[in-house]
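Residue numbers for the sequence shown, in my numbering: 105 to 385.
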Amino acid sequence: MNVDAIIIGAGACGLMCAVQAGFLGKKVIVLEKNSKPGAKILISGGGRCNYTNQFATTEQFISENPHFLKSSFKQWTVEDSITFFETYGIIGKEKTLGQLFPLDKNAKDIVEVFTSLCEEMEQEIRCNIDVKDVEQTADGFKVNYVSGEKNKSIIAPKLVIASGGLPIPKMGATDFALRFARNHGLNIIETAPALVPLTITGKDEDWYAQLSGNSVFCEVSNDEISFEENILFTHWGLSGPAILQISSYWRRGEVFNINLLPHQNIIDVIDDERKTNGRNQ
Numbered sequence: 105m106n107v108d109a110i111i112i113g114a115g116a117c118g119l120m121c122a123v124q125a126g127f128l129g130k131k132v133i134v135l136e137k138n139s140k141p142g143a144k145i146l147i148s149g150g151g152r153c154n155y156t157n158q159f160a161t162t163e164q165f166i167s168e169n170p171h172f173l174k175s176s177f178k179q180w181t182v183e184d185s186i187t188f189f190e191t192y193g194i195i196g197k198e199k200t201l202g203q204l205f206p207l208d209k210n211a212k213d214i215v216e217v218f219t220s221l222c223e224e225m226e227q228e229i230r231c232n233i234d235v236k237d238v239e240q241t242a243d244g245f246k247v248n249y250v251s252g253e254k255n256k257s258i259i260a261p262k263l264v265i266a267s268g269g270l271p272i273p274k275m276g277a278t279d280f281a282l283r284f285a286r287n288h289g290l291n292i293i294e295t296a297p298a299l300v301p302l303t304i305t306g307k308d309e310d311w312y313a314q315l316s317g318n319s320v321f322c323e324v325s326n327d328e329i330s331f332e333e334n335i336l337f338t339h340w341g342l343s344g345p346a347i348l349q350i351s352s353y354w355r356r357g358e359v360f361n362i363n364l365l366p367h368q369n370i371i372d373v374i375d376d377e378r379k380t381n382g383r384n385q
């Protein structure tokens with residue numbers, strides 16, 4: 105089978121890559137570990153998929169190379185994302201803070217945009233593929249994989265690794281990309297959890313668990329940055345938009361602050377309640 109490129113991973117990046125290659129008249133094959141493409145897309149945004157943000161800028165991303173972000177945003181803007189999905193029937197609706205969700209659709213429809221385009225352009229997606237290793241050859245790259253308990257391989261002049269990172273192993277996440285990078289002498293920045301909920305342990309664990317299910321608007325901050333959004337108390341700790349954001353700037357053992365009344369003075373609040381409701385409050 106002659107293809108212009110092999111794409112490892114049928115997540116958001118791999119699927120978009122396959123589609124864009126098709127627009128350029130290039131033939132690719134996508135190898136996916138899971139039983140169906142877009143596994144993480146399907147669970148994003150609670151199954152609704154917040155597929156872009158109207159207010160996204162380079163300053164909102166953590167990177168040691170800001171110029172890379174500027175180049176990326178210049179080549180594919182937020183408006184490009186919105187237009188792309190609108191072209192294929194996905195109209196966005198803002199939920200909060202610029203987050204766009206499909207108006208009358210869900211994450212499954214986002215995946216179907218990609219898979220339908222791949223089918224139209226005859227870009228093959230193979231699922232249940234276990235990629236074992238990659239060899240660099242004189243003609244490009246040879247990918248060795250297992251499919252249906254059979255050892256197979258495919259060669260192409262170009263290779264795209266879009267296998268994702270380490271989060272959510274039960275969804276098929278592996279360290280394949282990191283291992284490939286190390287084996288080919290690329291510099292690796294040590295990974296750390298980001299955009300994740302936080303677990304509370306120790307003497308306060310049971311107390312916080314009693315608040316499970318409650319959500320409140322607050323300010324979460326450290327010495328570097330602050331976010332004003334909701335936090336959600338869970339049976340094991342803290343979640344919600346503000347916690348997910350601060351987690352990217354927090355490491356185990358460090359301190360961050362939660363202000364449950366970011367624009368109010370607690371003394372004034374208590375005094376107002378006493379004046380309004382008296383002893384019954």
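Idealized CB from N, CA, C, for every residue including glycine. Just so it is clear, the structure is predicted and the values come from calculations on it, not from any experiment.
Item                                                                                                              : Value
Cβ contact (3+ pairs, closer than 8 Å) linking the region 112-126 and the region 140-147                          : yes
Selected residue, minimal CA-CA separation from Leu364, among Ile329, Glu323 and Phe159                           : Glu323
Residue environment, Arg378, which counts as buried when at least 16 other CB atoms sit within 10 Å               : exposed
Element boundaries [beta strand (DSSP E), containing Asn287]                                                      : That residue, Asn287, is in no beta strand (DSSP E); its alpha helix (DSSP H) goes Phe280 to Asn287.
Length of the line joining the Cα atoms of Gly193 and Gly357                                                      : 46 Å
CA nearest to the CA of Asn106, picked from Val238, Gln240, Lys262 and Asp308                                     : Lys262
Local conformation of Pro170 per DSSP, three classes                                                              : helix
N-terminal and C-terminal residue of the alpha helix (DSSP H) that Ile371 is part of                              : Ile370 to Asn381
Coarse secondary structure for Leu348, derived from DSSP in three states                                          : helix
Straight-line gap, Ile133 to Ile229 (C-alpha atoms, nearest Å)                                                    : 6 Å
Where His367 falls, given that 16 or more other Cβ within 10 Å makes a residue buried                             : exposed
For Val359, the three-state DSSP class (helix, strand or coil)                                                    : coil
Every unbroken beta strand (DSSP E) inside the region 117-143 [3 residues or more]                                : 132-135
Spatial neighbours of Lys246 in its chain, beta-carbon cut-off 6 Å, leaving aside the 5 residues before and after : Glu239, Ser257 and Ile259
Given 8 Å, three or more beta-carbon pairs between the region 193-210 and the region 150-168                      : yes
Asp234 (DSSP reduced to helix, strand or coil)                                                                    : strand
DSSP state of Glu294 mapped onto helix, strand, coil                                                              : coil
Residue nearest to Phe189 in terms of C-alpha spacing, selected from Cys153, Pro273, Phe177 and Ile350            : Cys153
Exposure of Phe280, with buried meaning 16 or more beta-carbon neighbours within 10 Å                             : buried
Three or more C-beta pairs below 8 Å linking the region 263-277 and the region 309-327                            : no
Host beta strand (DSSP E) of Lys256 (start-end)                                                                   : Lys254 to Ala260
Pairwise C-alpha distance: Thr305 and Tyr312                                                                      : 10 Å
Residues bridged to Lys197 (per DSSP)                                                                             : Phe205
As assigned by DSSP and simplified to three states, the class of Cys153                                           : coil
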